[in-house]
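Each remark here refers to the structure printed beneath this line.
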Amino acid sequence: MKTVIQRVTNANVKVDNEIVGEIKQGLVVLLAISDKDEEKDVEKMASRIVNLRIFSDNNGKMNLSIKDINGELLVISQFTLYADCSKGNRPSFSNAGKPEHANKLYEYFIKTSKELGMHTEHGVFGADMKVSLTNDGPVTIELEN
C-alpha cells in the first residue's frame, strides 16, 4: 500500500463535473492498493495517518494530528502511485492491485477512517476524477506499508 498525504486548507473531488467529496482543513489521501495488501495493512495505514503529527501547534511546530485539530479526510483511489517507469517511457501499473481487490480495500480504508472518528469524504473508485486542493505549507508526505 502506498499513500501520498497532502495537508490542505480545503479540497474537493468531482466526477462528471459534480462534487462527490469535499473537505475543509485536513488531509487529502491518495491511496494505492497492491494485491499483497490485506485489511490489517489498511488498519495500520489509517491509524498512522490519523495520528501523524503534521499540523502546527501554537509555537508553529508540527506537533498536532488531524484528530487534534478536528480536521477532515478526503480519500482518493490512486493506482498510478504504483507506476513503474524503469523500462521505457510508458509506465507499467502491473504492481497495482486488481480492481476488485483494490476497491474492497479502498472502501475498507474509508470505513476504518470513519471508525477512527474521522469525518471522511472520498472519490469514486475507478472514475475519472478532478481533484482540487489548496496545499497548506506545502506539506506532502509519502507513506508505504
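Residue numbers are given in this note's numbering: position 24 of the sequence shown equals residue 100, and the series is strictly consecutive.
Backbone N, C-alpha and C fix where the C-beta goes; we use that ideal spot for every residue, glycine too.
Look at residue i and residue j and say whether their C-beta atoms are less than 8 Å apart.
i: ALA178; j: PRO167; result: no
i: ILE217; j: ILE109; result: no
i: ALA122; j: SER208; result: no
i: MET77; j: ASN211; result: no
For residue i, report the span of its beta strand (DSSP E) as first-last.
i: LYS180; result: Note, LYS180: premise wrong, no beta strand (DSSP E); alpha helix (DSSP H) at 175-191.
i: VAL104; result: 102-108
i: LEU140; result: 138-140
i: ILE145; result: No beta strand (DSSP E) holds ILE145; DSSP gives it neither H nor E.
i: THR156; result: Per DSSP, THR156 belongs to no beta strand (DSSP E) and is neither H nor E.
Locate the alpha helix (DSSP H) running through residue i, then write down its first and last residues.
i: ASP92; result: No alpha helix (DSSP H) holds ASP92; DSSP gives it neither H nor E.
i: GLU220; result: Per DSSP, GLU220 belongs to no alpha helix (DSSP H); it is in the beta strand (DSSP E), 205-220.
i: ILE125; result: 115-127
Relative to the C-alpha of residue i, which residue among the options is closest?
i: LEU149; options: ASN211, THR196, ILE186 and GLU191; result: THR196
i: LYS90; options: GLY199, ASN171 and ILE142; result: GLY199
i: ILE145; options: LEU103, SER208, LYS174 and GLU220; result: LEU103
i: GLU119; options: PRO214, VAL151 and LEU192; result: LEU192
i: SER132; options: ASN221, LEU219, PRO214 and PHE169; result: PRO214
i: GLN174; options: GLN154, GLU98 and LYS163; result: In the sequence as presented, Gln is not what sits at residue 174; that position holds Lys. Nearest option by C-alpha distance: GLN154.
i: PHE169; options: LEU157, GLU176 and LYS180; result: LEU157
i: ASN171; options: LYS180, CYS161 and ASN165; result: CYS161
i: GLU98; options: LYS180, LYS163, ASN134 and GLY147; result: GLY147
Can you tell me the Cβ-Cβ gap for residue i and residue j, rounded? I've got them flagged as a contact below 8 Å.
i: GLN101; j: THR85; result: 6 Å
i: ARG83; j: ILE130; result: 6 Å
i: LEU106; j: ILE152; result: 5 Å
Does the segment 112-120 come close enough to the segment 89-98 that 3 or more CB-CB pairs lie under 8 Å? Because the criterion of three Cβ pairs below 8 Å is not met, the segment 89-98 and the segment 112-120 do not touch.
Check whether the segment 133-145 and the segment 196-208 touch, using three or more Cβ-Cβ pairs below 8 Å as the test. Too few Cβ pairs lie closer than 8 Å, so no.
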